[in-house]
Ligand SMILES: O=C(O)[C@H](O)[C@@H](O)[C@H](O)[C@H](O)COP(=O)(O)O
Ligand code: SF4
């Protein structure tokens, strides 16, 4: 792992190289968005028939009259509400709040469309999890379907969890001519502490407690509407949106069902209208989000020990906005961005504790003051990011903002740059003869960051439980679960393995996981080399491993190595298992096209390709011919 030395590129240098690397595709992206803006909102161009359809369903007389006008703004609501995700449950009431707020501004809002949302907690360890990663791109497509009515002057995106915000972001980027505000719902109040929940799970894995006790602990941990309180992918999404200026300041972690939360939702609708062209302060997504915002999101993720899933999602999100980032960017930023928070699984606190300790306003203040964030980015708030050292509050029932705390209220949860938990960030990129992968070190104790042991190979995560229960894994072991990449079976999270591997670690064994699959943002203490690419089904080196080979995972040096004779390893054939069991049932037969199209992990594992890449190659071809 790169160390914070003078040799490491600074945040500005990484930003500059991303800008240079992206120059051509970003230019094309901006041209595409400007052209979409020129075509204008259909409301002005729709033939009467189209327009009539566009508001036929509108049962509010005033709205119908305003929709005929193009000088009043019409907001699109794109929502991921459903009853399956506790985090998205609060969104049920938001559209009406937004519509009323729009009317109050002499404008309108229409529910443009819903997007699907999967709860990874419900599908964890089940076949449904194999649709999870692909659901990100389904959500992006569903966002496009909603906005393709082209009746809108701005859009509000209602989403929180894992693949939902990334999918909405990709959709928003492709409709980048529209001003966008992301509207969060906030975390549920704290319940059973996350580390106590994890302890009961390990007891259950060892057969020391029964299902009743396990369900009691889980139900006390996840107990009401709102986002789960661990710092997984969902809460990493919130932090990143705020770091990019796509949330209102301090909107991320205000609890649902509170007057402040409702006031923030209302204000988001009003602010979206203020950001439209009609308001004279046109602030479209594509002029707001460039490499600086993307780097801000990376810095925030690294400083907070955020979800490893974003080494996939952020790559796909950036690509949708014409920006190319890679894992070396994460690795170099991680070398110069200190770890400033300890939120489960990186500690025992949860996001409510983080909020109470100073929350986003203090984290952003610390990173801005240290020159680790780009302050000069346009935000949905109408300011640059420096305004995000403020926090929202109600004064006589009216929403306003004030400067947040300048000192942490709990140094066990949130610290200043001058006294970080660690001098580097929470992620490390791994290289070696098994390919490239990532590991979240912020959740792994120092003593467990280097593991060298014989491998025990599985082609299916459910085989690990049986091996654990037979006692076969009760030793130093590197558990390899392969054929879990996007082309194999949709790249599921293998978080269900955590209790078993955690028990082995607690028994004093050296244990690690190596997989071309994913882990949850909530996965923690066991060192896991994940997203290994090229994936096994693509004849990646994992397919040439054999039981008993010794593998060394060294998170300190950023290495993942099979200690096998080079020539022998190169001459081995690749295992080619029958993966059909993954391709039918629970709708997986509908995603064969996605498995076929999926890019590699370091390219974001998406199915859309490089967006402008195709046009870019033709353009570059034309340029080179003209030069000849
Ligand atoms: O990336 C993530 O953060 C996870 O996908 C998370 O959203 C998922 O729901 C976890 O599985 C929940 O954690 P538990 O399974 O430990 O409850
Ligand atoms: S954080 Fe995970 S478990 Fe909680 S609601 Fe979101 S997807 Fe479901």
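Residue numbers (the numbering used here): 4 to 631.
Glycine included, every Cβ here is placed at the ideal spot set by N, Cα and C.
Quick caveat, the model's predicted, so the values are computed rather than measured.
- Within the DSSP secondary-structure output, residue 531 pairs in a beta bridge with 516.
- Rounded to whole angstroms, residue 368 and residue 160 show a C-alpha spacing of 26 Å.
- Inter-segment contact for the region 471-489 and the region 510-517 is present: three or more beta-carbon pairs are separated by less than 8 Å.
- With a cut-off of 8 Å on Cβ pairs, the region 414-423 is in contact with the region 333-344, counting three or more such pairs.
- Checking the 7 Å criterion, the Cβ of residue 199 is out of range of every heavy atom belonging to ligand 1.
- Spatial neighbours of residue 300 in its own chain (CB-CB distance under 7 Å, excluding positions within 5 residues in sequence) are listed in chain order as 243, 246, 247, 317.
- Residues whose Cβ lies closer than 5 Å to any heavy atom of ligand 2, listed in chain order: 88, 89, 90, 122, 123, 124, 164, 231, 237.
- For ligand 1, no non-hydrogen atom lies closer than 7 Å to the CB of residue 628.
- Judged by beta-carbon spacing, residue 185 lies within the 8 Å limit of residue 250, meaning their Cβ atoms are closer than that value.
- For the alpha helix (DSSP H) assignment, the uninterrupted runs of no fewer than 4 residues enclosed by the region 522-575 are, from N- to C-terminal side, 569-574.
- In the three-state scheme derived from DSSP, where H, G and I count as helix and E and B as strand, residue 459 is classed as strand.
- Going by beta carbons, residue 407 and residue 371 fall outside the 8 Å limit.
- Around the C-beta of residue 353, 16 or more other C-beta atoms lie within 10 Å, and the residue is accordingly described as buried.
- Shortest Cα-Cα distance from residue 117 to any of 171, 215, 222, 154 involves 171.
- When secondary structure is reduced to three states using DSSP, residue 392 falls in the helix class.
- In the three-state reduction of the DSSP assignment, residue 380 falls in the coil class, being assigned neither a helical nor a strand state.
- Within the same chain, and ignoring the five residues on either side of residue 593 in sequence, no residue has its Cβ closer than 7 Å to its Cβ.
- For residue 212, there is no enclosing alpha helix (DSSP H), since its DSSP letter is neither H nor E.
- Collapsing the DSSP output to three states places residue 160 in a strand.
- The continuous beta strand (DSSP E) containing residue 406 extends over residues 401-406.
- Here residue 140 is not near residue 351, since their CB atoms are 8 Å or more apart.
- Take residue 588, set aside five residues on each side of it, and the residues of its chain with a beta-carbon closer than 8 Å to its own are 130, in chain order.
- The three-state reading of DSSP puts residue 113 in strand, counting E and B together.
- The C-beta distance from residue 78 to residue 57 rounds to 14 Å, too long to fall under 8 Å, and the pair is not in contact.
- At least one heavy atom of ligand 1 lies closer than 7 Å to the C-beta of residue 235.
- For residue 36 against residue 289, the beta-carbon gap comes to about 4 Å, under 8 Å, which counts as contact.
- In the three-state DSSP reduction, residue 625 falls in the helix class (H, G or I).
- At least one heavy atom of ligand 1 sits closer than 7 Å to the Cβ of residue 127.
- Residue 180 counts as buried, since no fewer than 16 other beta carbons sit within 10 angstroms of its beta carbon.
- In this structure the region 389-404 does not touch the region 327-340; the number of beta carbon pairs closer than 8 Å is below three.
- Judged by DSSP in its simplified three-state form, residue 98 adopts helix.
- For residue 334, the uninterrupted alpha helix (DSSP H) run begins and ends at 330-339, by DSSP.
- Annotated three-state conformation of residue 77 is strand, per DSSP.
- Taking non-hydrogen atoms of ligand 1 into account, the C-beta of residue 174 is found less than 7 Å away from none of them.
- In terms of Cβ geometry, residue 380 and residue 295 form a close pair [threshold 8 Å].
- In the DSSP assignment, residue 606 falls outside any alpha helix (DSSP H) and carries neither an H nor an E.
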